[in-house]
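Numbering-wise (our numbering), the sequence shown opens with residue 5 and increments by one.
What follows is a set of notes on a single structure, which appears directly below.
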Amino acid sequence: MPLVRITLSSDRPAEQRPQIAAGVHRALVDAVGIPEKDRFQIVQALPAEQMFFDHEYLGVDRRDVVCVEITLRRGRPEETKRALYRRIAEEAGKVGVRSEDVLVVLTENGSADWSAGRGEAQLLDLEQQMS
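Structure representation (structure tokens):
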């Protein structure tokens, strides 16, 4: 059950925002194997003057960053994460976002750290049922 927050410049066309979000979801389905209906995303457009990203850090020519923050349960191998980064950049490219402008950050946690509603710990309950 990943939670995705996409922050981008309000200068980006409004119609591009849901396309970027859909591409990130496709990448998660394809690279990580999450279920198709496991989609929880927040897209936030900020004025460009409120976004501060170094334009050359680690030799990447950034111009108009799309920041993708994904919180998900821990346990994926590094190669899966690398595949996810590539897929997100590919999907973003399909809607006109340069791969250099795609910044992805993963934050991992455990099943006990999620409630999908009703004040319950559904992922923890599922995990306990399976063991």
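Ideal placement from N, C-alpha and C gives every residue a C-beta, glycine not left out.
### Query
Are the CB atoms of V72 and V101 nearer to each other than 8 Å?
no
### Message
Under 8 Å, Cβ to Cβ, is there at least one residue of chain B near L62?
### Response
Here chain B cannot be found, since the structure has a single protein chain.
### Message
Please return the same chain residues whose Cβ sits closer than 6 Å to the Cβ of D65, not counting the five positions on each side in sequence.
### Response
E104
### Task
Taking Q23 and V99 to be in contact with their CB atoms under 8 Å, please state how far apart those CB atoms are, rounded to whole angstroms.
4 Å
### Query
With 16 other CB atoms within 10 Å as the buried threshold, where does L12 fall?
buried
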